[in-house]
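Participant: My questions all concern the structure below.
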Amino acid sequence: MRLEIGNFHVKDIVFGDKTAYANGILTIDKKEALDFIRQDEHITEAELYIVKPGDKVRMCPVKETIEPRVRISGGPLFPGYTGELLPVGNGKCHALKDCCVTVVGRHWGGFQDGLIDMSGEGAKYTYYSQLKHIVIVADTDEDFEKREQQKKNRALRMVGHRMAEFIGQCVKDMAPEETEIYELDPVLKRKPEIMTLPKVVLVLQPQSQMEEDGYNDLLYGWDTNHMVPTFMHPNEVLDGGIISGSFMPCSSKWSTYDFQNFPVIKRLYQEHGKTLNFLGIIMSNLNVALEQKERSAMFVAQIAKSLGADGAIVAEEGYGNPDADFVACIVALEDVGVKTVGITNECTGRDGASQPLVTMDEKMNAVVSCGNVSEIIELPPMETVLGELEALARDGLSGGWGTDEILGPSVRKDGSIIMENNAMFCGDQVVGWSPKTVKEF
Amino acid sequence: MAKAILYLNQFFGQIGGEDKADVGSSIHEGLIGPAMELDKHLDAEITHTVICGDNFMGSNTEEAINTILGFLEGKQFDIFLAGPAFQAGRYGIACGHICKAVKDKFNVPVVTSMHEENPGVEMFKKDIYIMKGGNSAAKMRQDIKSMASLANKLIRKETILEAAQEGYYSRGVRHQVWRDDKKPAADRVVEMLIKKVNGEPYETELPVPKMDRVSIAPPIADLSKANIALVTSGGIVPVDNPDRIQSASATRWGRYNTEGTDDLQKGDYKTIHAGYDPAAADDDPDRVAPVDALKAYEKEGIIGRLHKYFYSTVGTGTTQAEAARMAKEMIPHLKEDNVDGIILTST
């Protein structure tokens, strides 16, 4: 399977007469884009903004980020979700780099939503302060979940994905500035010099904890709760085969942009043929019932063993309950002789004194740690807020609170905030960006 | 200039050796012993030196601490230091006790230094900064320098970096930090995997503590012939607490003869455990150390006999290392009487 991603590096985004890309400038016809957004009958109000690194802008509640792209052979960017089902990971796409479509709730937030600061002290807490954003701030008619802490955010997320497809169209017929190539021969038909290298798999545990449809990550449109682990080509992840969901405290989440650009996958590709033989991905999940956790761990270990894997990386999208899946999967792999490294974040509490994962095992002897979800963060007011800052305190965002005897409310009258890292948008960057680690003090 | 006060034992305080270890606490203006070297490196003036005999502090801990806290009352100081205590166990524990008490009462930063095998490390590392020190006074200059470097940062209210970098024993707390090299997690995880699959050394970013699990012993074949002993961490002692077992973070234990008694009487025994409401245990000490039930079993022939002593210490705040040491000290006594089984009661 061979995937070519043709890149267009966006140096600036402006509003203009026609949605087009030229010489690093992405121009967006605002009216046309808003008309497109409003085609969704569930969108009741929408506005569009351009936000860049260094802007004095705070976004909250952020729902999702997506990289604008276009599939050269035609068809939806996210099969089974924004359009019909088709296999991905082979062929060409064009991508508008260094930017993303970002969806922000006009009013209402929830458990899974996050915050992005584009400048100041808060910018270091999320990867997304480094990107240029085409920001959709919108509200919907989904009144049934307006006051719910858990929100599916169905309409807002869908409009974001569709917008990424819509904008991506403008580079369909252009020659990319550079091309990334992701290619792996079939597992059993690789060159002898590659076959002698240590064989490794990447085990992904995307978020699948909710029993009801509409919240979990979708694999080709399929709810990841309703699957057992399966073997996949890494290109399928990079090429829109999986999208982010709407559950899990935000710093632990993997957005759709995260999946499209998955740094651990790209890093394994770099090593492929040099120091290791990258077999592919075992796509697992994070269901809540113990038997489901054990079943997934069994499947992962069996697939890895049958493929002849010598090593594995296990990455979990979440913390708390999912730690049980994460540790069980590592133990199951070690038990069948696959040398395994985990990558995750920790929950050591505000004082740092709690056990880092809800369960630990001595067989888990190699872990990369990307952050502590419960770290307290205090930030000054920001000149401009997109969305509704009060959502952080009012709507049950994990990491925000309405009142606290000692700390006061998360959102203060002057616009300054106090929150847990939990609410930083995809802040712990377990997909591989994280420059953070956790140390003993 | 900032002000500091230093705690020393009788030896480093130049009062005398083991024969003077019972000397009570005292405070002196100016620099004594190691205070002179410390003063050179510290961005603070050491105004006073506090001295106490190791035995006195060990046997009369509460009294010694209260006296010293009294000395410090009204004195102006920005930091409190103790030691370095090297591998000297009693001295290390004393430094830990006094540092913790001063920190709690006056809310000033405290720093001490000990060798890793000093029992004071395990007992107090969660509460205070203990620098990793040498095993003997030959390392005095080095240990004083490291105490001063952390103390100076605390005095200047600078950010204290992680334990490994600053050289103190981890206090058991984990916080996120931004790596200086900004190396992304993807590089770290793939490099760690390559090392691991190739059998090369690597360092996990999340060490999992070794679980010190003890396998469950096989059942006793014939209980009616077995010699059973009673051991408790519930703090039941004769009312005068003859072994002066501490009410928390215990390092001492005792064993008490129950021959000729069928029942631990209220008024003869009590609990000195500070971790639970003592009312029920004081009213009937058998509730925690059930000598009465075991004597009844002995009479009924359910057990062969009850070992003539029960063993007691206090479990609250007691470190695993101290608990293991005390158990190892109890074992020879139990073996001597051929004890077959132990009932271990907590609270």
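The listed protein sequences correspond, in order, to chains B and F. Counting from 1, one number per residue, gives the positions in the first sequence under the numbering used here. Counting from 442, one number per residue, gives the positions in the second sequence under the numbering used here. Glycine residues also receive a C-beta, built at the ideal position from the N, C-alpha and C atoms.
1) Nearest to F:Asn-779 by CA position, among F:Gly-613, F:Ala-765 and F:Arg-746, is which residue?
2) Quick one: give me the first and last residue of the alpha helix (DSSP H) that F:Cys-540 is part of.
3) With distances taken between CB atoms, is the gap from B:Pro-234 to B:Asn-285 smaller than 9 Å?
4) Go through its chain and collect everything with a Cβ distance to F:Ile-585's Cβ below 7 Å, but skip five positions before and after it.
5) By Cβ distance, which residues of its chain are closer than 7 Å to B:Tyr-81, with the 5 residues on each side in sequence left out?
6) Hey, is the region 62-80 of chain B in contact with the region 166-177 of chain B, meaning 3+ C-beta pairs nearer than 8 Å?
7) Give the interface partners of B:Trp-222 over in chain F, defined as CB-CB distance under 7 Å, in chain order.
8) Against chain B, does F:Lys-651 count as a neighbour if the rule is that its beta carbon must be under 9 Å from one of theirs?
9) When you compare the CB of F:Glu-646 with every CB in chain B, is at least one pair closer than 9 Å?
10) Run through the DSSP bridge pairs and tell me what B:Thr-179 is partnered with.
11) Would you please state the rounded distance, in angstroms, between the beta carbons of F:Ser-787 and F:Gly-675? I believe it to be under 8 Å.
12) Rounded to whole angstroms, what's the CA-CA distance from B:Lys-439 to F:His-616? Just pull it up for me.
13) With a threshold of 9 Å between beta carbons, is B:Gly-80 in contact with chain F?
14) When DSSP builds the beta bridges, which residues end up paired with F:Asn-450?
15) DSSP three-state call for F:Gln-617: helix, strand or coil?
16) Based on the DSSP output, what are the partners of B:Glu-405 in its beta bridges?
17) Straight-line CA distance for B:Leu-34 to B:Tyr-128?
18) Indicate the three-state DSSP secondary structure (helix, strand or coil) for B:Met-118 in the structure shown.
19) Per DSSP, what are the beta-bridge partners of B:His-503 in this structure?
20) So, under 8 Å CB-CB, F:Thr-699 and F:Val-732 are touching, yes? Tell me the CB distance rounded to an integer number of Å.
21) Can B:Cys-347 and B:Ser-374 be called in contact, C-beta distance under 9 Å?
22) Starting from B:Cys-329, trace the alpha helix (DSSP H) both ways and give me its first and last residue.
23) Would you please state the rounded distance, in angstroms, between the beta carbons of B:Ile-13 and B:Lys-132? I believe it to be under 8 Å.
24) Which two residues bound the contiguous alpha helix (DSSP H) that contains F:Asn-593?
25) How should B:Ile-43 be labelled, buried or exposed, when 16 other C-beta atoms within 10 angstroms of its C-beta is the threshold for buried?
26) With DSSP run on the structure shown, which of helix, strand or coil describes F:Ile-635?
27) Would you say B:Met-364 reaches chain F, if we count a Cβ-Cβ gap shorter than 9 Å as a contact?
28) Any idea if F:Pro-660 is buried or exposed, counting beta-carbon neighbours within 10 angstroms, 16 or more meaning buried?
29) Name, please, each residue of chain F whose Cβ falls closer than 8 Å to the Cβ of B:Ser-434.
30) Apart from the five residues on each side of it in sequence, which residues of its chain come closer than 6 Å, Cβ to Cβ, to B:Gly-83?
31) What residue from F:Thr-488, F:Val-491 and F:Thr-757 has the CA that sits closest to F:Ala-715's CA?
32) Quick one, which residues of the region 608-637 of chain F are near chain B if we go by CB-CB under 8 Å, in chain order?
33) Can you confirm whether B:Asn-372, when its beta carbon is compared against all beta carbons of chain F, has any partner nearer than 9 Å?
34) CA-CA distance, B:Glu-180 and B:Asn-277?
35) Note down, in chain order, every chain B residue with its Cβ under 8 Å from the Cβ of F:Ala-605.
36) Would the beta-carbon of B:Gly-387 fall within 9 Å of that of B:Gly-54?
Facilitator: Once the coordinates are examined:
1) The shortest C-alpha separation from F:Asn-779 is found at F:Arg-746.
2) 530-547
3) no
4) Within the same chain, F:Ile-585 has close Cβ partners Pro-475, Glu-478, Leu-479, His-482 and Pro-525.
5) His-161, Leu-218, Gly-221 and Ile-243
6) yes
7) Listed along the chain, the chain F residues whose CB falls inside 7 Å of the CB of B:Trp-222 amount to none; the nearest CB is some 27 Å away.
8) Chain B has a Cβ within less than 9 Å of the Cβ of F:Lys-651.
9) yes
10) B:Gly-6
11) 6 Å
12) 6 Å
13) no
14) F:Asn-450 is bridged to F:Cys-493.
15) Annotated three-state conformation of F:Gln-617 is strand, per DSSP.
16) BP columns for B:Glu-405 are empty, so no partner.
17) Roughly 23 Å separates the two Cα atoms.
18) Of the three classes helix, strand and coil, the one that applies to B:Met-118 here is coil, per DSSP.
19) The first residue shown for chain B is 1 and the last is 441, placing residue 503 of chain B beyond what the model contains.
20) Rounded to whole angstroms, the Cβ separation of F:Thr-699 and F:Val-732 is 5 Å, and the two are in contact under 8 Å.
21) yes
22) 321-335
23) 5 Å
24) 581-596
25) buried
26) It is helical.
27) yes
28) exposed
29) Pro-625 and Ala-626
30) Pro-76
31) F:Thr-757
32) Ser-611, Arg-612, Gly-613, Val-614, Arg-615, His-616, Gln-617, Val-618, Trp-619, Arg-620, Lys-623, Lys-624, Pro-625, Ala-626, Ala-627, Asp-628, Arg-629, Val-630, Val-631, Met-633, Leu-634, Ile-635 and Lys-637
33) Using a CB distance cut-off of 9 Å, B:Asn-372 counts as an interface residue toward chain F.
34) 19 Å
35) Listed along chain B are Lys-439 and Glu-440, each with a C-beta nearer than 8 Å to that of F:Ala-605.
36) At a Cβ-Cβ threshold of 9 Å, B:Gly-387 and B:Gly-54 do not count as neighbours.
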